[in-house]
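In the working numbering, the protein residues as written are 30 to 281. Cβ coordinates follow ideal geometry from the N, Cα and C atoms, glycine included. This report concerns only the one structure given below.
Structure (structure tokens):
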């Protein structure tokens, strides 16, 4: 109405948008009769009504339960691609950012910490903040031994980085840590399983690792089938492998 459109044009646009967001059958319902997910779809349809060149979304899914969020993430992403609307979305949900974005700008106290594709921010974090914010990781203070070796808690480990600084921070993703049966592999450390969290197809392990000078707790992700088939339990002794490619040097 504010754009002085006639009633027929408005009704046509409303029907078009409701069809677009999958709510054509709910056209005569009041908002109180809609579920949380349906209300968010209505809000999205309203935002799209004027055919904006830029769509701004401020945590649109934060108040919804996990299953509805997961469903609407895909719906919004497909809708955005279908319409070709440039979309900027604010979120504190890392999974939301990784699954929906083509490009992420990670802010830390109002300053850009890192920007890039979801894959880059996850696999190539530039700072400890980036590594810790995007997904789960293990962070360690380390010392430079040579261009491709470091010391963590007294233990010397090889890595594929070209190391220049004497003091540095290293990040290791949980899924990059393996249980090894081969004592001759590089970067093998002994550890004890302290806790196993069953997550369905995966199990998250909390392991006390015997570095040379002191123990340190690390988080690992394993396939449930592997843990169950090998009868690995709390207090089991294991050899873990920190492969050189898994050790990423980041700014503190």
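Is it buried or exposed for residue i, if we count other Cβ within 10 angstroms and need 16 for buried?
i, result
"residue 267", "buried"
"residue 103", "exposed"
"residue 193", "exposed"
"residue 215", "exposed"
"residue 70", "buried"
"residue 256", "buried"
"residue 154", "buried"
"residue 59", "exposed"
"residue 238", "buried"
"residue 82", "exposed"
"residue 171", "buried"
"residue 61", "exposed"
"residue 150", "buried"
"residue 41", "exposed"
"residue 162", "buried"
"residue 220", "buried"
"residue 105", "buried"
Please state whether DSSP places residue i in a helix, a strand or coil.
i, result
"residue 162", "helix"
"residue 220", "strand"
"residue 112", "helix"
"residue 197", "strand"
"residue 238", "strand"
"residue 46", "helix"
"residue 156", "strand"
"residue 191", "coil"
"residue 205", "helix"
"residue 173", "strand"
"residue 52", "coil"
"residue 261", "coil"
"residue 94", "coil"
"residue 231", "strand"
"residue 104", "helix"
"residue 88", "coil"
"residue 213", "coil"
Anyone know if the C-beta pair for residue i and residue j falls short of 7 Å?
i, j, result
"residue 281", "residue 157", "yes"
"residue 135", "residue 159", "yes"
"residue 167", "residue 201", "yes"
"residue 152", "residue 207", "no"
"residue 182", "residue 95", "no"
"residue 231", "residue 250", "yes"
"residue 217", "residue 265", "no"
"residue 278", "residue 187", "no"
"residue 66", "residue 97", "yes"
"residue 77", "residue 46", "yes"
"residue 199", "residue 169", "yes"
"residue 129", "residue 86", "no"
Taking residue i and residue j to be in contact with their CB atoms under 8 Å, please state how far apart those CB atoms are, rounded to whole angstroms.
i, j, result
"residue 49", "residue 74", "7 Å"
"residue 120", "residue 88", "6 Å"
"residue 235", "residue 224", "4 Å"
"residue 248", "residue 165", "6 Å"
List the endpoints of the continuous alpha helix (DSSP H) containing residue i.
i, result
"residue 256", "253 to 258"
"residue 80", "No alpha helix (DSSP H) holds residue 80; DSSP gives it neither H nor E."
"residue 126", "123 to 129"
Let's see if you can read the secondary structure: which residues bound the beta strand (DSSP E) around residue i?
i, result
"residue 185", "184 to 187"
"residue 143", "140 to 145"
"residue 180", "178 to 181"
"residue 271", "266 to 271"
"residue 137", "133 to 137"
"residue 277", "277 to 279"
Between residue i and the ligand GDP, is the CB less than 6 Å from at least one heavy atom?
i, result
"residue 178", "Judged by which ligands are present, the structure shown has none, so any question about the ligand GDP falls away."
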